[in-house]
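What follows is one structure encoded as structure tokens, with my remarks underneath.
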Amino acid sequence: MSRVTELEKALTTLFRKGTEVGYTETEIDEFLENIDYHALLQAVWNKAETVYAYRADGKNALSLDYRSAELFKQRATLLYEDVGDSYIGAVFAARSMELWLLEDMGFAVVAKFSVNAGEGEYVTEYRVYKGSDWADSEISLDLEDLVAELAALCDPYYEHEQPIYEL
């Protein structure tokens, strides 16, 4: 099975779970028709990163730059973030839920707590894996927004600003 077919199958399975939370089959079919799987696979491969359970980064010379253990043992691409509680003041602190696409075309739902001080001068993130089924998790996934996020991932591919990988 080709990687494009694997991606299409994975996203179809993900979107079909929408029937459990109120989406109709017709809506889901419309969402799936709007996805360019070839461009999306290129974008996903280009955006894939190693995800850590804990990360601390700072821009100052003596700041702590730290990475804990890998969260997934494979690279992943962030597809969707649902920001929940947040505080904006001298620092920006937020609790959010994330949906990641793994290299093996599986999905991971992750809870994240982040603190951003000084407009990115110092950032810490703590993540906990919550499972692979978004319908049974705390994430509030809007499938229409997810389609928009997937399309936005493909923009550099359409604008020829992204490397093209041989599939």
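To convert, note that position 154 of the sequence shown is 154 in the numbering used here; the numbers rise steadily by one, no gaps. Idealized CB from N, CA, C, for every residue including glycine.
1) Please work out which residues of its chain come closer than 7 Å, Cβ to Cβ, to Tyr129, disregarding the five sequence neighbours upstream and downstream, and give them in chain order.
2) When DSSP labels each residue in this structure, what does Phe31 get in the three-state scheme?
3) Pull up the DSSP beta-bridge partners for Arg3, would you.
4) Kindly indicate if chain C contains any beta-carbon less than 8 Å away from that of Asp142.
5) Can you say whether Tyr66 is buried or exposed, counting buried as having 16 or more other CB atoms within 10 angstroms of its CB?
6) For a quick check, are the C-beta atoms of Arg75 and Glu33 less than 8 Å apart?
7) By a C-beta neighbour count over all protein chains shown, 10 Å radius and 16 as the cutoff for buried, is Val83 buried or exposed?
In brief:
1) In the sequence shown, counting from the first residue as 1, residue 129 sits at position 129. The answer, listed in chain order, is Leu71, Ala108, Val110.
2) Counting from one through the sequence shown, the residue named residue 31 turns up at place 31. Correct three-state label for Phe31: helix.
3) Sequence index remark: in the sequence shown, residue 3 carries index 3 (1-based). Arg3 pairs with nothing; no bridge assigned.
4) The structure shown contains no chain C; it is built from a single protein chain.
5) Here residue 66 refers to the residue found at position 66 of the sequence shown. With fewer than 16 Cβ atoms within 10 Å of its Cβ, Tyr66 is classed as exposed.
6) Counted from its first residue, the sequence shown places residue 75 at position 75. Counted from its first residue, the sequence shown places residue 33 at position 33. Taking 8 Å as the Cβ cut-off, Arg75 and Glu33 do not qualify as a contacting pair.
7) If you number the sequence shown from 1, residue 83 lands on position 83. Flag for Val83 reads exposed.
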